[in-house]
Amino acid sequence: MPDDKPTQPQPTTAPSAAIPVAAPAPAPRSGAGLALCLALALLLPLLLNLATARSIVAIWNRSDTFAHAYLILPGSLWLIWQQRAALARLPLRPCWAALPLLLACAAAWLLAQLGEVQIVRQYALVAMLPLSVLLLPGYRIARAIAFPLLFLVFAVPFGDVFIAPLMDVTANATIAALRLSGIPVLREGNTFMIPSGSWSVVEACSGLRYLISSLTLGCLYAWLTYRSRLRQLAFIALAIVVPIGANAVRAYGIVLMGHLSGMTMAVGFDHLIYGWVFFGLVISLLFLIGGRWREDRQQPVPGAAAQARAAATAAMPSASAARLTAAALAVLLAAAAGPFTAGYLERVQFNPQPARLDGFQASWPAGAPFADWQPAFAAPAAQLRQSYAAGQQRLGLTLLYYRNQQPEQLMISSGNRLTQEGKNQVWHEAGSTLRQESLPGQTLAVNETVLKSVHGRLLVWHWYAIDGRRTASDYVGKLWTVRERLLHGSDDGAVVLLYTPLDEQPEAARAVLRRFLAEHQAALDATLAGNARH
602 MPDDKPTQPQ PTTAPSAAIP VAAPAPAPRS GAGLALCLAL ALLLPLLLNL ATARSIVAIW
662 NRSDTFAHAY LILPGSLWLI WQQRAALARL PLRPCWAALP LLLACAAAWL LAQLGEVQIV
722 RQYALVAMLP LSVLLLPGYR IARAIAFPLL FLVFAVPFGD VFIAPLMDVT ANATIAALRL
782 SGIPVLREGN TFMIPSGSWS VVEACSGLRY LISSLTLGCL YAWLTYRSRL RQLAFIALAI
842 VVPIGANAVR AYGIVLMGHL SGMTMAVGFD HLIYGWVFFG LVISLLFLIG GRWREDRQQP
902 VPGAAAQARA AATAAMPSAS AARLTAAALA VLLAAAAGPF TAGYLERVQF NPQPARLDGF
962 QASWPAGAPF ADWQPAFAAP AAQLRQSYAA GQQRLGLTLL YYRNQQPEQL MISSGNRLTQ
1022 EGKNQVWHEA GSTLRQESLP GQTLAVNETV LKSVHGRLLV WHWYAIDGRR TASDYVGKLW
1082 TVRERLLHGS DDGAVVLLYT PLDEQPEAAR AVLRRFLAEH QAALDATLAG NARH
């Protein structure tokens, strides 16, 4: 008989793949191991290269241009902290491919130490930090915090090399704008005169601090605001171009303000105040405009393939304690290699013999000093200053000999200048160029500089002499110094400066310098060679 009971619906079983079930988030790992690995990766290079780290902070202390750098390390650590949840799900797996790069940084640090190139030492130290993270916690951790690690590069006080070009840009733009405004301008170098007074574009007017601050903030803003690489790069480019243009407008505005006010406004410290206020408004406008194209930093929901890769990564076990310890030991040894080797070389290369320059004898008769100028170079191990007069021709010679160079007593340094700086500055540079001079049997490269003061003008030639060779290049001189320390265990070198009065005929002044060199170059070389270490 048919069953009169109602038929119960039978459940149907659907394939599990058809049911969209969200995968559970991988369980976080213990954060203690990650924190320890990151701490070791960041602290070991800093502690073992503490003198270099201190040199970075010392520049922060004495230069307002880099005062913002105090915020770089805390900012990077804060950005890393913001990603702690994602980092806790990643395995700790040392990446040994980073070890050769870390050793290369250590070698670069050592060569920079031998040549006393501070900026290279500082960059080598900062480069060790992300490489140590790559080596110890591993590739996945380093990739996740790549921007905070790379952001540390802004802690290095770099940019002095751009001061002169930026000064030229500012002076050119200001003078062009004044002439377009109908104001006559008489220019000599970066000093110019208008009917109401005289102005000079000095280092503080270069706009370097504006440029560095803008670039640092621009990179951080671009990373926080955009996902698209194109938009990030475009905004960073604007962060470079805008402060340069804004500084030129600022300089023109200050000069115009002083001119229209009869030199009663914006002629002292107050023009720096106006500059920062103007720069703040410009950068605020730049960020306001950039915010119109902002993109949400939250990443889109990953697809199935990306989810599978993330799950595989999360399921990947961390390396054993033995492998992590070996990686930490590798970081330790690589970071210590440079300072240990440099300390050893300094002990074995120290030369206790005094340098002497009194053996130089010129055929020209000695004369009374004709200028109160002296170069503002670091104190040498020995020096010779002499003035000569041959008929109507007058010439000055300065020899500065360096040995056992220390950071505060370097032959080649950005702090060495031909003129003193400060309120009591008497001599000013009116122009400088590199020249190739033909002498009997040789060609000599010299740095030619025109110096001026209220008492007159001087034409100065100077170059470096290292191990019997001569160069006018700071970079070549540094490389030769490193070579001498590695091959011969010596850092000896000399600066040769010749100068003579300059009137309206530069070629006549050059002829005086050429004549003296033609007659005394061999004696100069012999005097310097007599101090060489054998």
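Residues in the sequence shown are numbered from 602 upward in steps of one, following my numbering.
Backbone N, C-alpha and C fix where the C-beta goes; we use that ideal spot for every residue, glycine too.
Tell me whether Y1003 is buried or exposed, calling it buried when 16 or more other Cβ atoms sit within 10 Å of its Cβ. Of the other Cβ atoms in all chains shown, 16 or more fall within 10 Å of the Cβ of Y1003; this residue is therefore buried.
Chain-order list of residues whose beta-carbon lies under 8 angstroms from that of W661 (same chain, five-residue window excluded): Counting only Cβ-Cβ distances below 8 angstroms, and skipping sequence neighbours, we find F667, A668, A670, Y671, P758.
Cutting at 8 angstroms between CB atoms, please list the residues of its own chain near I837, excluding the five before and the five after it. Cβ neighbours of I837 beyond the five flanking positions: L816, G819, C820, A823.
Give me, in chain order, the residues of the same chain whose beta-carbon lies closer than 6 angstroms to that of A1119; leave out the 5 immediate sequence neighbours on both sides. These residues qualify, in order along the chain: L1040, P1041.
Roughly how many whole angstroms lie between the Cα atoms of T771 and G790? Spanning the two alpha carbons is a distance of roughly 12 angstroms.
Helix or strand or just coil, what does DSSP make of A628? Residue placement at A628 is poorly supported in this model, since its pLDDT is 47, which falls under 50; the coordinates are not used for a value here.
Within a Cβ cutoff of 7 angstroms, which residues of the same chain sit near V856, ignoring the five residues on either side of it in sequence? Closer than 7 angstroms at the Cβ level, and outside the excluded window around V856, lie T775, L779, W800.
C-beta contact flag for G945 and M1012 at 8 angstroms: The sequence shown places Tyr at residue 945, not Gly. The Cβ-Cβ distance between Y945 and M1012 does not fall below 8 angstroms.
In three-state terms, what does DSSP make of H1056? Looking at H1056 - three-state DSSP - the assignment turns out to be coil, as it is neither helix nor strand.
C-beta atoms of F879 and A847 nearer than 8 angstroms: Yes, they are a contact pair.
Meets three-Cβ-pair contact criterion under 8 angstroms: the region 747–756 and the region 685–695: Judged by Cβ distances under 8 angstroms, the region 747–756 makes no contact with the region 685–695, as fewer than three pairs qualify.
Please name the residue in P749, A922, S814, L1019 whose C-alpha comes closest to that of L737. It is A922.
Using a Cβ-Cβ cut-off of 7 angstroms (strictly less than) and excluding sequence neighbours within five positions of R722, which residues of its own chain qualify? Sequence-distant partners of R722 (beyond 5 residues in either direction) whose C-beta falls short of 7 angstroms from its own C-beta, in its chain, are T653, W710, A713, Q714.
Less than 8 angstroms between the CB atoms is what I'm expecting for Q576 and A967, so what's the real figure, rounded? Because residue 576 is not part of the residues shown, which for the chain are 602 to 1135, the question remains open.
Contact set for C638: own chain, Cβ-Cβ below 7 angstroms, skip 5 residues either direction: When the five nearest sequence neighbours on each side are left out, the beta carbons in the same chain lying within less than 7 angstroms of the beta carbon of C638 are those of L693, L737, P738, L925, in order along the chain.
Three CB pairs or more closer than 8 angstroms across the region 990–1009 and the region 1088–1108: Touching, per the Cβ criterion.
By Cβ distance, which residues of its chain are closer than 6 angstroms to A937, with the 5 residues on each side in sequence left out? If we look at A937 and ignore the five residues flanking it on each side, its Cβ neighbours are L649.
Here's a check: name, in chain order, each residue in its chain whose Cβ is nearer than 6 angstroms to the Cβ of Q1037, leaving out the five neighbours to either side. Excluding residues up to 5 positions away in sequence, T1044, A1046 lie with their Cβ nearer than 6 angstroms to the Cβ of Q1037 in the same chain.
Counted within 10 angstroms of its Cβ, other Cβ atoms place S862 as buried (16 or more) or exposed: It counts as exposed.
Should H860 be labelled buried (16 or more other beta-carbon atoms within 10 Å of its own) or exposed? By the beta-carbon neighbour count (other beta carbons within 10 angstroms, threshold 16), H860 is buried.
Going by DSSP in three states, V1077 sits in which element: helix, strand or coil? Here V1077 sits in helix by DSSP.
Looking at C-alpha atoms only, which residue of L702, I673, L691 is the closest neighbour of V932? Ranking the options by Cα distance to V932, first place goes to L702.
Would you tell me roughly how many angstroms separate the C-alpha atoms of A626 and R744, rounded to the nearest one? For A626, the predicted structure reports a pLDDT of 47, less than 50, and the residue's modelled location is therefore unreliable. A value from the coordinates is still provided. Put simply, the backbone Cα of A626 is about 20 angstroms away from that of R744.
Using a Cβ-Cβ cut-off of 7 angstroms (strictly less than) and excluding sequence neighbours within five positions of P1008, which residues of its own chain qualify? If the five residues before and after P1008 are omitted, its C-beta is found closer than 7 angstroms to the C-beta atoms of E717, all from its own chain and listed in chain order.
Cβ-based burial, H1121 [other Cβ within 10 Å; buried from 16]: Under this definition H1121 is a buried residue.
Grab the span of the beta strand (DSSP E) containing I795 for me, first residue to last. Per DSSP, I795 belongs to the beta strand (DSSP E) from 792–795.
State the DSSP-derived secondary structure class of A623, mapped to helix, strand or coil. The predicted position of A623 is uncertain, since its pLDDT is 45 and thus under 50; a value taken from the coordinates is nonetheless stated next. Looking at A623 - three-state DSSP - the assignment turns out to be coil, as it is neither helix nor strand.
Sort out for me which residues DSSP pairs T1050 with in a bridge. Beta-bridge partners of T1050 (DSSP): S1033, V1061.
Which term fits S919, buried or exposed, when burial requires 16 or more other beta carbons within 10 angstroms of its beta carbon? Flag for S919 reads buried.
CA-to-CA distance, S733 to L641, given in whole angstroms: Looking at the backbone, the Cα of L641 and that of S733 are separated by about 9 angstroms.
Under the DSSP definition of a beta bridge, which residues are partnered with W800? Beta-bridge analysis with DSSP links W800 to F793.
Nearest CA to the CA of L1125: which residue from N1048, F978, G1094? Among N1048, F978, G1094, the Cα nearest to that of L1125 belongs to G1094.
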